[in-house]
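Everything in the sequence shown is counted per the UniProt record's numbering, starting at 1 for the first residue and increasing by one.
Inspection log for the structure reproduced underneath, given as structure tokens.
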Amino acid sequence: MAPATLVRKPRILFLDAYDSFSNNIIAQVTECIDAEVTQIHIDDPRFQGTSTHSFSEYLRSFDAVIVGPGPGSAEVETDVGLMNELWRLQESDLLPVLGICLGFQSLALAFGATIKKLAEGQHGLIHEILHNSQSIFKDVDELRATQYHSLQADIGHPIQTKRAVSYPGELWNITEQCPHLKPLAWDFEVSSNGAVLMAVQHTEKPFWGVQFHPESICTNAEGTRIIQNWWDCAQEWIRERNINARRAGIPTRIASDLDGHANDVETNMLASAAKSKDPPIEDFIKIMSDPGNVGLPHYPPSSVICETTGSGRLKVSDVCEVLGASMDEVIVLESGLQPDLLPLGVGTGRYSIIGLMPFGETPRFFWWGANGRLQLRDGEGCDQCALATRDPWKYLKEFMVHGKPAESPESRKCSPFWGGLMGYATYEAGLETVDVEHEKSADESTPDICFAWITRSIVIDHETKKLYVQSIRSNDEDWVSATKEQLYMAAYVKSQTSTPNATPLPKPDPFDTDHELNSYLASCEQHVQNSESYCATVQQCQNWIAAGHSYEICLTTQNSITARRPPTCINSRTDKHARLANNELSWKLYKRMTARNPAPFSAYIRINDMHILSSSPERYISWDRTQRASCRPIKGTVQKAPGVTSADAHEILSSSKERAENLMIVDLVRHQLHGVYGAGNVVVDQLMQVEEYETLWQLVSVVDTLPPVLDASCSKDERKKAEMLGFEAFVESLPPGSMTGAPKKRSCELLQVAEKKKRRGIYSGVIGYLDIGGAGDFSVVIRTAVKVETRDGDGDEEEDTWCIGAGGAITAQSDPTAEYEEMLGKFRSASRAFQPGEYMPRKVDGGVRGRYAMELALDLARRMEREGIDMWEVEEGSIDGDEIMEELEEFGEEGEEV
1 MAPATLVRKP RILFLDAYDS FSNNIIAQVT ECIDAEVTQI HIDDPRFQGT STHSFSEYLR
61 SFDAVIVGPG PGSAEVETDV GLMNELWRLQ ESDLLPVLGI CLGFQSLALA FGATIKKLAE
121 GQHGLIHEIL HNSQSIFKDV DELRATQYHS LQADIGHPIQ TKRAVSYPGE LWNITEQCPH
181 LKPLAWDFEV SSNGAVLMAV QHTEKPFWGV QFHPESICTN AEGTRIIQNW WDCAQEWIRE
241 RNINARRAGI PTRIASDLDG HANDVETNML ASAAKSKDPP IEDFIKIMSD PGNVGLPHYP
301 PSSVICETTG SGRLKVSDVC EVLGASMDEV IVLESGLQPD LLPLGVGTGR YSIIGLMPFG
361 ETPRFFWWGA NGRLQLRDGE GCDQCALATR DPWKYLKEFM VHGKPAESPE SRKCSPFWGG
421 LMGYATYEAG LETVDVEHEK SADESTPDIC FAWITRSIVI DHETKKLYVQ SIRSNDEDWV
481 SATKEQLYMA AYVKSQTSTP NATPLPKPDP FDTDHELNSY LASCEQHVQN SESYCATVQQ
541 CQNWIAAGHS YEICLTTQNS ITARRPPTCI NSRTDKHARL ANNELSWKLY KRMTARNPAP
601 FSAYIRINDM HILSSSPERY ISWDRTQRAS CRPIKGTVQK APGVTSADAH EILSSSKERA
661 ENLMIVDLVR HQLHGVYGAG NVVVDQLMQV EEYETLWQLV SVVDTLPPVL DASCSKDERK
721 KAEMLGFEAF VESLPPGSMT GAPKKRSCEL LQVAEKKKRR GIYSGVIGYL DIGGAGDFSV
781 VIRTAVKVET RDGDGDEEED TWCIGAGGAI TAQSDPTAEY EEMLGKFRSA SRAFQPGEYM
841 PRKVDGGVRG RYAMELALDL ARRMEREGID MWEVEEGSID GDEIMEELEE FGEEGEEV
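Here it is, written out as structure tokens:
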């Protein structure tokens, strides 16, 4: 029986259908009605295979229920699960219920409605909702609400069957088909869809439902008012129910009387989790802390040794080359800069970090999803220790907690990275966190998680022009001082050669004189997926969206570039000189990539068998040492091409399709952060702003969190948890939502089918660092080329293969041909590093397109003009930049095959 009048916080049960916006609803409810919300899934194992009675008993611990959105159809039992038990509750067990989206459709279906497809799916679209100002819409003004649905509830209303009513008030009449459902709101904005039912109220039971999403960032403030109104209606029903019960002599029950039941169930779940066979984390930390045995050197560090000097006009590449890092293993996280060496834009990367990995000195962690093996290897590749676990992150988390230095630098606001772990996690490592089956690989060359223990590093602050030379090794002051002096002299020499003076220096030759590199580039061939198969897969994704399985599916494909390896690089696994030459080749390619496609979150990783060249424009998540976190989801892209202006890009990115793509990911990111930081601590600081990059314009949003507030009453465990909120958000948000779609779990499952279970690997994963001071920063691995060294007998030593993944978000509004062109445009952004000059033949369906060559050459000519290069030296003589453009335009118009 329902609880009496409340003298405490209301207890709300949230029934989660595996949606990617659920935590936003929970946060909204927690804030606007000051409730305690308990979340369970629609297939909660506690209530599977048992009687309905056990679930109804559990419900007595709560004052009301919210049934959330989710993928699928209300007609499919497994998509709604426990929802159906709510609609069948006995009279004595009734309690107020609010259904949202799928929950709304489940309610409508249970009481006579039919579920039909919309002519045009409504995902991430904001419409004005017509309501009758009654019930949960009391005192609600103009309502503009976000919708995420491909299906609708049909109650047999004349406005649905005949597309007309006899008089305006008929809109709110109950229908013969659904005599217990009273319409409360309609949407008329899309003519092809007709009138779409937006809200109902059950005439006898305390059930309400809304089709739209009141919690979306783009639903106006009236969405919150509706939640408040629902709770007011729920409380009124509770009061009336209890008055009637007392009159009938039936005792009322208070929800808190049954708290023990819910707690017992939760305790049993914790006990089951405690039976995990994973090795104790405490033992793992003891091993790591014992350098005399197999542990890590300099762990935990006693202090951070740091000296600073001015960076002058030194670039990141200059620093790497001065220190010889480019010839060895190294991890570089580089912020793209303008010609004046300042960051590309506000919030797009202020620091660059160079993690030094002297040969044979740098331990690293690996984890393979195929066998669940977490392994520590020393700098020479020898195994130090290993354990089996399906959750490597809990070990790495405790490793970072115990790895904080005994003494911190004087200013906690100095360098964002003192030392710690740098590396990557693959897309498949992220799939493990959302429990999606995938193709697992035990290939030693490609671990799913790879982090190096970085004890020496260089950090460049591009705003203050300051270099931080750092070490967390004991007694390493001499190295820090010597390295600082080395970089100081390098900055001085660079200033002498790059500062304008009365005698201008000769202009650099625009052509690379590295014959070995030129030969390598000339041998490159691109291999991309053909348009027919890609467009067919786009259509398959749209069919799933139309059936209600997803709102947005981020489809990708793996393209590649093959090249003849220079003789000096062959046998690089066994020959030192070949290894150095091979590393140098990858470094040169990375410099070409960042020069042609500068991006705010570029990265170069040379570790073990991996060569990673990344020019990513997207930050996945960053957090500082106070645990304030920030995400910069990107969705919506316009490629720079002849005739496309900034105004054109802004117009395109203002379309409902592009904004819907971005909005869906913003709401997803908010959901992920709310799940860790809680209600009231997640804010959208930038919503769908156009940002310009070297090769494209993109629609970017920024979602931030507020750091936790700790007072004297906080327990030790609460404080420990608060110190790692950023790490928790990092793990809980994997894989990046901008690379999956929403709802995330179902979209990832569909992508396994669409992409034929092919591994994405590092592409779609994340690259970044975990700082011993508690901070972290990661980019999304896009616009990235990856090469894996072949092991003995595993491949052709004389040929390199660089994989470059690319794709885009598929929605109901997507045009397959346009999606293919967008995928190619993103591929070109990364592949430019492999083009001799700006041209390379591209194999598509057996041919090479002249138009593509023309576009690339036009881009080169524009860049030559912008950089003041007047003449282009070629064997036949010299050609003016304008002549190049004119001739290439004529060539492209002819559409000739190259």
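Cβ atoms here follow ideal geometry from the backbone N, Cα and C, with glycine treated the same way.
Asked                                                                                                                                                               : Found
For SER602 versus SER616, is the C-beta spacing smaller than 9 Å?                                                                                                   : yes
In chain order, what residues of the same chain have a beta carbon less than 7 Å from the beta carbon of SER311, not counting five sequence neighbours either side? : ILE460, LYS465, LYS466, LEU467 and ALA491
Throw me the rounded Cβ distance for the MET422 and ASN583 pair, which I believe falls under 8 Å.                                                                   : Between ASN583 and MET422 the Cβ distance is about 17 Å, and since that is not below 8 Å, they are no contact.
Hey, ALA660 and TRP697: beta-carbon distance below 9 Å or not?                                                                                                      : no
Count the C-beta pairs between the segment 230-239 and the segment 36-52 that are closer than 8 Å, then say yes if the count reaches three, no if not.              : no
Where DSSP assigns a beta bridge to TRP186, which residues make up the other side?                                                                                  : LEU130 and LEU197
Let me check one thing: in DSSP terms, what residues is CYS631 bridge-paired to?                                                                                    : VAL703
Between TYR820 and SER531, which are expected to be in contact by the criterion C-beta below 8 Å, what is the C-beta distance as a whole number of angstroms?       : 5 Å
Can ALA195 and TRP186 be called in contact, C-beta distance under 9 Å?                                                                                              : yes
May I ask whether a heavy atom of the ligand NAD can be found less than 8 Å away from the beta carbon of GLY776?                                                    : As presented, the structure is devoid of all ligands, the ligand NAD included, so that no description of it is given.
In three-state DSSP terms, what is MET724?                                                                                                                          : coil
Which ranges does the beta strand (DSSP E) cover as unbroken runs of at least 3 residues, wholly within the segment 514-567, from first to last along the chain?    : 525-527 and 552-564
Expressed to the nearest angstrom, what Euclidean distance is found between the alpha-carbon atoms of VAL65 and GLN90?                                              : 15 Å
What does DSSP give as the partner residue(s) for VAL140 in the beta ladder?                                                                                        : In DSSP, VAL140 forms no bridge with anything.
If distances are taken between C-alpha atoms only, which option among TYR148, CYS178 and ASP141 comes closest to ILE155?                                            : CYS178
Measuring CA to CA, which of GLU398, VAL190, PRO168 and ILE159 is closest to THR175?                                                                                : ILE159
According to DSSP, what are the bridge partners of SER779?                                                                                                          : ARG619 and ILE767
Looking at C-alpha atoms only, which residue of SER22, LEU171, GLN28 and TRP802 is the closest neighbour of GLY103?                                                 : SER22
Round the Cβ separation of ALA729 and LEU668 to the nearest angstrom and send it over; I've been treating them as touching at under 8 Å.                            : Not a contact, Cβ separation roughly 13 Å.
Just to confirm, are ASP609 and VAL788 a CB contact at a threshold of 9 Å?                                                                                          : yes
Who does THR114 pair with in a DSSP beta bridge?                                                                                                                    : ASP154
Give a yes or no on contact between the segment 440-453 and the segment 364-372, applying the rule of three or more CB pairs nearer than 8 Å.                       : yes
Secondary structure at ALA221, three-state DSSP: helix, strand or coil?                                                                                             : coil
Determine the direct distance from the alpha carbon of GLY68 to that of ALA17, and round the result to whole angstroms.                                             : 6 Å
Within its chain, find whatever has a CB closer than 8 Å to the CB of SER166; leave out the 5 residues flanking it on each side and keep chain order.               : PRO158
When we look at the beta-carbon of residue 977 and count the other beta-carbons within 10 Å, is it buried (16 or more) or exposed?                                  : Nothing in the structure corresponds to residue 977, since the chain is present only between 1 and 898.
Taking Cβ to Cβ, would you say ASP771 is nearer than 9 Å to ARG625?                                                                                                 : yes
Starting from PHE834, follow the alpha helix (DSSP H) in both directions and report where the run begins and ends.                                                  : No alpha helix (DSSP H) contains PHE834, which DSSP labels as neither H nor E.
Which two residues bound the contiguous alpha helix (DSSP H) that contains MET593?                                                                                  : 576-596
Near GLU307, which residues of its chain fall below 7 Å by C-beta distance, leaving aside the five closest residues on each side in sequence?                       : VAL469, VAL480, SER481 and LYS484
Over the uninterrupted beta strand (DSSP E) stretch that includes GLY786, give me the two end residues.                                                             : Reading the sequence as shown, one finds Val at residue 786 and not Gly. Start and end: 784-788.
By DSSP's criteria, GLY611 is part of a beta bridge. Which residues make up the other side?                                                                         : Looking at the sequence shown, residue 611 is not Gly but His. Beta-bridge pairing links HIS611 to ARG606 and LYS787.
Strictly by DSSP, which residues pair up with TRP802?                                                                                                               : ILE561 and LYS787
When you compare only the Cα positions, how much space is there between ILE287 and ALA325?                                                                          : 30 Å
Following the continuous beta strand (DSSP E) through ARG373, name the residue where it begins and the one where it ends.                                           : 373-377
Under a three-way DSSP split, which group does VAL37 fall into?                                                                                                     : strand
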